[in-house]
Amino acid sequence: GQQVMQIPQYQHVQEGEDFTTYCNSSTTLSNIQWYKQRPGGHPVFLIQLVKSGEVKKQKRLTFQFGEAKKNSSLHITATQTTDVGTYFCAGRAGNQFYFGTGTSLTVIP
Amino acid sequence: GAVVSQHPSWVICKSGTSVKIECRSLDFQATTMFWYRQFPKQSLMLMATSNEGSKATYEQGVEKDKFLINHASLTLSTLTVTSAHPEDSSFYICSARPQGVGYEQYFGPGTRLTVT
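Going line by line, the protein sequences match chains A and B.
Numbering-wise, the working numbering puts 104 at position 85 of the first sequence, and it's gapless, one number per residue.
Numbering-wise, the working numbering puts 111 at position 110 of the second sequence, and it's gapless, one number per residue.
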């Protein structure tokens with residue numbers, strides 16, 4: 020069945036290093052959303068991408084939606100301790116909305 | 002701004018009883034609210050999309066007679082878990098999309114339901 024997988028599942032980085040999480044869907048998505056969930060907190064919406072090949076930036080965060088609309092990535096430049104949390108992608112395929120498996124980011128000071 | 006509250010924050014109920022969870026947008030109007038379920042250390046699962054004044058749209062595999070959703074006003078949506086069973090124990094989170102504002106949605110703090 021339809022799956023939205025994220026890699027890596029866990030990532031430890033030294034503060035200042037870059038971080039990337041990849042989101043891959045088995046079928047085409049009409050859109051892709053990204054969320055951040057801090058430990059013990061609730062998800063926070065980051066962004067939505069709709070167009071094939073779309074790239075959006077939010078300060079140190081860069082989001083991409085693949086040409087085939089089946090994958091996406093979130094790249095954080097020069098991580099900070101405040102970036103700690105789990106990053107989820109999510110998207111709609113047909114009449115079903117799927118959340119990715121999440122990437123848990125730990126930033127070592 | 003853009004605060005979403007949920008009530009109660011946690012609830013314990015006996016098997017066979019029903020539980021109602023409220024989701025309120027405190028400082029904005031939301032024509033659309035979403036209900037999610039999250040299992041420990043797992044991703045969110047969208048259960049249903051709730052539109053003010055109309056019937057909720059349920060995701061595939063979610064029993065609409067089991068999880069009753071009502072979105073009676075632009076600031077309130079409720080989820081009622083009917084005839085709860087231990088397997089319904091979970092963390093339920095709602096989110097609300099501000100009226101007329103793109104795709105952004107704001108999440109509530111969640112409700113921990115334990116069915117004994």
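Beta carbons are placed, not taken as given, at the ideal position from N, Cα and C, and that holds for glycine.
### Task
Give the DSSP-derived three-state secondary structure of E1/B in the structure shown.
Since the displayed chain B opens at 2 and closes at 117, residue 1/B lies outside it and no answer follows.
### Query
At a CB-CB cut-off below 8 Å, which residues of chain A make contact with M46/B?
F118
### Partners in chain B for H61/A, counting only beta-carbon separations shorter than 7 Å
I94, F108, G109, P110, G111
### Task
Check each residue of the region 59 to 83 of chain A: if its Cβ is closer than 7 Å to any Cβ of chain B, include it; give the result in chain order.
H61, P62, V63, F64, Q67
### Query
What is the DSSP secondary structure of T100/A, reduced to helix, strand or coil?
helix
### Query
For the 8 Å Cβ check, are there 3 or more pairs between the region 87 to 98 of chain A and the region 18 to 27 of chain B?
no
### Query
Which whole-angstrom value is the C-beta distance of W11/B and T112/B, which I expect to be below 8 Å?
7 Å
### Query
Does E60/B come within less than 8 Å of chain A when only Cβ atoms are used?
yes
### Query
When the distance is taken between beta carbons, is Q100/B closer than 8 Å to L75/B?
yes
### Where the beta strand (DSSP E) containing N114/A begins and where it ends
Unbroken run through N114/A: none, as it is neither H nor E.
#### Entry: Validate contact between the region 27 to 34 of chain B and the region 110 to 119 of chain A using beta carbons, cut 8 Å, 3 pairs
no
### Query
Under a Cβ-count criterion, where at least 16 other Cβ atoms within 10 Å of its own Cβ denotes burial, should Y59/B be classed as buried or exposed?
buried
### Message
Please tell me whether E105/B has its Cβ less than 8 Å away from any Cβ of chain A.
### Response
yes
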